[in-house]
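Shown next, in structure tokens, is the structure this report addresses.
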Amino acid sequence: MTSKAWPYEEARKLVRRWPDGKPDGGPMVFETGYGPSGLPHIGTFTEVLRTTMVRRAYEELTGGAPTRLIAFSDDMDGLRKVPDNVPNPDILAANLGKPLSRIPNPFPTDDESFAHHNNAMLRRFLDQYGFNYEFVSASEKYNHGGFDDALKNVLRHFGDIMDIMLPTLREERRQTYSPVLPISPSSGRVLQVSVDVVDAEAGIIAFTDEDGSRVEQSALGGLSKLQWKVDWAMRWVALGVDYEMYGKDLTDSGIQSGKIAAVLGGRKPEGLIYEMFLDEKGEKISKSKGNGLSLEEWLTYGSDNSLAFYLYREPKKAKNLHLGLVPRAVDEYLQFRGNYPGQEPDKKLGNPVHHIHGGHVPAGELPLTYGLLLNLVSLPGVQDKDIAWKFVQKYAPGTSPEQDEELDALIGLAVNYARDFVVPTLKRRPPTEVERAALADLDSELAKVARDVSSDEIQNVVFEVGKRYEFDSLRQWFQALYETLLGSSQGPRMGSFIALYGIENTRKLIAEALA
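In case it helps, this note's numbering puts the sequence shown at residues 2 to 516.
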């Protein structure tokens with residue numbers, strides 16, 4: 002109840018919202034939204050992950066009070082443009098404006114529509130990471146009457162909703178704005194036209210169709226959908242949503258939807274407004290720009306836990322999201338996990354791994370860091386997982402790919418990252434005269450070292466050699482080692498690296514540098 006970790010701060014909002022539990026005795030309802038006009042991406046994963054962390058925190062605070070997490074797909078939305086990353090774009094182009102669930106599937110799968118295909122991908126995506134959720138489709142709710150009562154409620158309060166929305170719109174948009182978007186009986190498209198309410202209790206509306214004819218039809222049973230801010234508010238009320246987080250770009254939308262929810266007799270959910278992701282250049286990540294990062298890309302080089310660790314931290318601050326962040330995120334996750342068992346309870350509750358693993362943090366530490374493995378597998382002749390394992394087993398006897406699955410996976414990820422990002426940038430420079438003398442001295446000292454000596458003792462040898470020469474600081478000496486032996490401006494703890502790579506192999510590197 003006093004932890005400053007953000008999932009507990011968010012969960013306490015829900016405790017204050019319903020101090021005695023929900024009046025109907027039902028579960029606390031969490032929601033995440035997804036627009037299936039494109040494929041699931043890292044933003045989708047982020048929202049479900051962070052919401053799950055708040056859900057777990059609430060369950061901890063209340064001793065296991067019942068909860069639900071709804072993953073809602075807005076698949077009644079009309080397709081506005083053809084995505085760049087979809088096959089058979091002509092199929093989509095011919096169906097612009099129609100609800101996503103009524104557009105033929107352009108993918109070579111058996112899914113009955115474009116939305117059904119993307120929804121199936123979303124569910125596999127969430128199932129793969131073990132999220133506990135209930136999938137809800139807007140199309141199913143609209144088409145089968147699940148939202149009919151809520152739609153009638155919108156029609157009853159049509160004027161009040163217009164009073165909320167019209168002042169927020171440009172003059173041109175006001176002329177055709179309607180909270181309810183009818184489906185054209187002639188084209189099947191979602192229409193952005195003025196609507197008159199004929200009979201709210203019966204759900205009847207009137208509007209001008211695309212061909213200029215005046216149409217009077219029901220708004221129920223999938224014959225209309227709501228404008229998105231109104232749809233959001235209606236959904237909150239109809240589904241009894243208590244918590245939904247959203248991005249900073251939806252701040253104004255959240256305000257308007259909150260007012261509409263109140264008009265409809267409901268209450269805006271609690272929630273966290275999170276900052277957006279930025280690319281390497283500091284620009285906002287955008288699907289249309291193509292400067293985003295996919296989940297698959299991260300998982301080619303880093304573990305899912307490292308991604309969860311990175312996404313957990315400081316959600317209210319803008320975050321860069323690019324592959325250069327992977328090595329540090331992997332090692333920081335492992336470091337925080339290693340610290341967890343020895344921490345006091347308040348520190349444990351603030352440790353990201355507590356929230357990543359729902360309090361069930363895996364025991365045990367790995368014998369190597371990701372950074373150290375990167376330096377190893379970036380060297381000529383070691384850019385292979387099986388070869389890397391031979392070095393690892395000398396460094397950490399008793400380990401094996403079969404018994405140490407997490408370490409085995411980490412080595413494979415490091416091989417991938419080194420191949421694609423490290424090796425192409427490496428360029429060993431020749432040593433200066435002072436550095437040549439120091440390297441020759443280090444070679445002589447390493448020749449005297451026993452083969453089973455510890456990494457700490459090797460580190461001391463490297464330190465002592467550096468102190469004998471005119472470097473501005475020992476940091477300059479270590480940088481010289483990185484640049485002349487490894488071809489990089491930064492690198493690992495040299496004692497650990499030499500212990501891993503082997504003294505004889507390290508002496509060969511020194512010989513190459515001196516040559």
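Every residue, glycine too, gets a C-beta built ideally from N, C-alpha and C.
Checklist entry - What residues are listed by DSSP as bridge partners for Ser138? => result Ser74.
Checklist entry - Which word fits Asp405, buried or exposed, when buried means at least 16 other C-beta atoms lie within 10 angstroms of its C-beta? => result By the neighbour-count rule (16 or more Cβ atoms within 10 Å), Asp405 is buried.
Next on the checklist: Can you find the residues in the same chain that come closer than 6 Å, C-beta to C-beta, to Leu350, ignoring five residues on each side of it along the sequence?
Outcome noted: The residues are Ser4, Ala6.
Item to check | Residue burial classification, His145 (beta-carbon count within 10 angstroms, cutoff 16) | outcome: Label assigned to His145: exposed.
Item to check | Own chain, CB closer than 6 Å to Leu475, minus 5 neighbours either side, in chain order | outcome: Only Gly467 meet the Cβ criterion.
Checklist entry - Can you check whether the CB of Gln257 is closer than 8 Å to the CB of Met1? => result The chain is shown from 2 up to 516; residue 1 falls before or after that span and cannot be answered.
Item to check | Buried versus exposed, by CB contacts within 10 Å (16 or more), Thr252 | outcome: Thr252 is exposed by the Cβ-count criterion.
Checklist entry - Does the Cβ of Glu172 have 16 or more other Cβ atoms within 10 Å, making it buried, or fewer, making it exposed? => result The residue is exposed, with fewer than 16 neighbouring Cβ atoms inside 10 Å.
Checklist entry - Where do the ends of the beta strand (DSSP E) carrying Met495 lie? => result First-last for Met495: 495 to 502, but that is the alpha helix (DSSP H), not the beta strand (DSSP E).
Next on the checklist: Considering only the alpha carbon of each residue, which of Leu414, Ser187, Ser179, Leu335 lies closest to Phe159?
Outcome noted: Of Leu414, Ser187, Ser179, Leu335, the residue nearest in Cα terms is Ser179.
Item to check | Span separating the alpha-carbon of Glu48 from that of Tyr247 | outcome: Computed Cα separation, rounded: 8 Å.
Checklist entry - Got a sec? Which residues, its chain only, sit under 6 Å from Ser185 by beta carbon, not counting five neighbours each side? => result The answer, listed in chain order, is Leu192, Asp210, Glu211.
Next on the checklist: Would you call the region 82 to 96 in contact with the region 41 to 61, where contact means no fewer than 3 C-beta pairs closer than 8 Å?
Outcome noted: No: the two stretches stay apart, fewer than three of their Cβ pairs being nearer than 8 Å.
Item to check | Helix, strand or coil at Glu366 according to DSSP, with G and I counted as helix | outcome: Of the three classes helix, strand and coil, the one that applies to Glu366 here is coil, per DSSP.
Checklist entry - Going by DSSP, which residues form a beta bridge with Asn321? => result In the DSSP assignment, Asn321 is bridged to Leu279.
Checklist entry - Any contact of the region 57 to 76 with the region 17 to 37, i.e. 3+ C-beta pairs under 8 Å? => result Between the region 57 to 76 and the region 17 to 37 there are three or more C-beta pairs closer than 8 Å, enough to call the two in contact.
Item to check | CB contact flag (Ile92, Pro105, <8 Å) | outcome: Yes, Cβ-Cβ distance for Ile92 and Pro105 is below 8 Å.
Item to check | Cβ neighbour criterion (16 or more within 10 Å) applied to Gln129 | outcome: Per the 10 Å Cβ criterion, exposed.
Checklist entry - Going by DSSP, what residues sit across from Lys285 in a beta bridge? => result Partner(s): Leu279.
Item to check | Beta-carbon proximity of Lys386 to Gly359, cut-off 8 Å | outcome: At the C-beta level, Lys386 and Gly359 stay beyond 8 Å of one another.
Item to check | At least 3 beta-carbon pairs within less than 8 Å: the region 444 to 462 vs the region 418 to 434 | outcome: No contact exists between the region 444 to 462 and the region 418 to 434.
Checklist entry - Looking at the structure shown, is Gly34 part of a helix, part of a strand, or coil, going by DSSP? => result Reduced to three states, the DSSP call for Gly34 is strand.
Next on the checklist: With DSSP as the reference, identify every bridge partner of Ala207, one or two as the case may be.
Outcome noted: Per DSSP, Asp197, Glu217.
Checklist entry - Ile205 to Leu123, Cα distance in whole Å? => result Looking at the two C-alpha atoms, the distance is approximately 35 Å.
Next on the checklist: For Lys226, report the span of its beta strand (DSSP E) as first-last.
Outcome noted: Taken as a continuous stretch (DSSP letters only), the beta strand (DSSP E) holding Lys226 covers 225 to 227.
Next on the checklist: Taking its Cβ as the centre, do 16 or more other Cβ atoms sit within 10 Å of Lys226, making it buried, or is it exposed?
Outcome noted: By the 10 Å Cβ count, Lys226 comes out buried.
Checklist entry - Taking DSSP as the reference, what is the three-state secondary structure of Thr485? => result Thr485 falls in the helix class under three-state DSSP.
Checklist entry - Which ranges does the alpha helix (DSSP H) cover as unbroken runs of at least 4 residues, wholly within the region 392 to 429, from first to last along the chain? => result The alpha helix (DSSP H) runs of length 4 or more contained entirely in the region 392 to 429 are, from start to end of the chain, 406 to 418.
Item to check | Exposure label - Ala95; buried when at least 16 CB within 10 Å | outcome: So Ala95 ends up on the exposed side.
Item to check | Buried/exposed call for Glu1, threshold 16 Cβ in 10 Å | outcome: Lying before the first or after the last residue shown, residue 1 is absent from the chain, which here runs from 2 to 516.
Item to check | Pro100 in three-state terms, based on DSSP | outcome: Of the three classes helix, strand and coil, the one that applies to Pro100 here is strand, per DSSP.
Checklist entry - With DSSP run on the structure shown, which of helix, strand or coil describes Met235? => result DSSP places Met235 within a helical segment (H, G or I) once states are collapsed to three.
Next on the checklist: Only counting the same chain, and skipping five residues up and downstream in sequence, which positions put a Cβ closer than 6 Å to that of Pro37?
Outcome noted: Closer than 6 Å at Cβ, skipping near neighbours: Ser74, Asp76, Leu101, Ala116, Asn119, Asn120.
Item to check | For Thr169 and Ser195, believed in contact at Cβ under 8 Å, the rounded distance | outcome: Incorrect: roughly 17 Å between the Cβ atoms, too far for contact.
Item to check | Rounded straight-line distance, which links the Cα of Ala514 to that of Pro431 | outcome: Distance between the alpha carbons of Pro431 and Ala514: 6 Å.
Next on the checklist: Going by DSSP, what residue range makes up the alpha helix (DSSP H) through Leu62?
Outcome noted: Leu62 -> alpha helix (DSSP H) spans 43 to 62.
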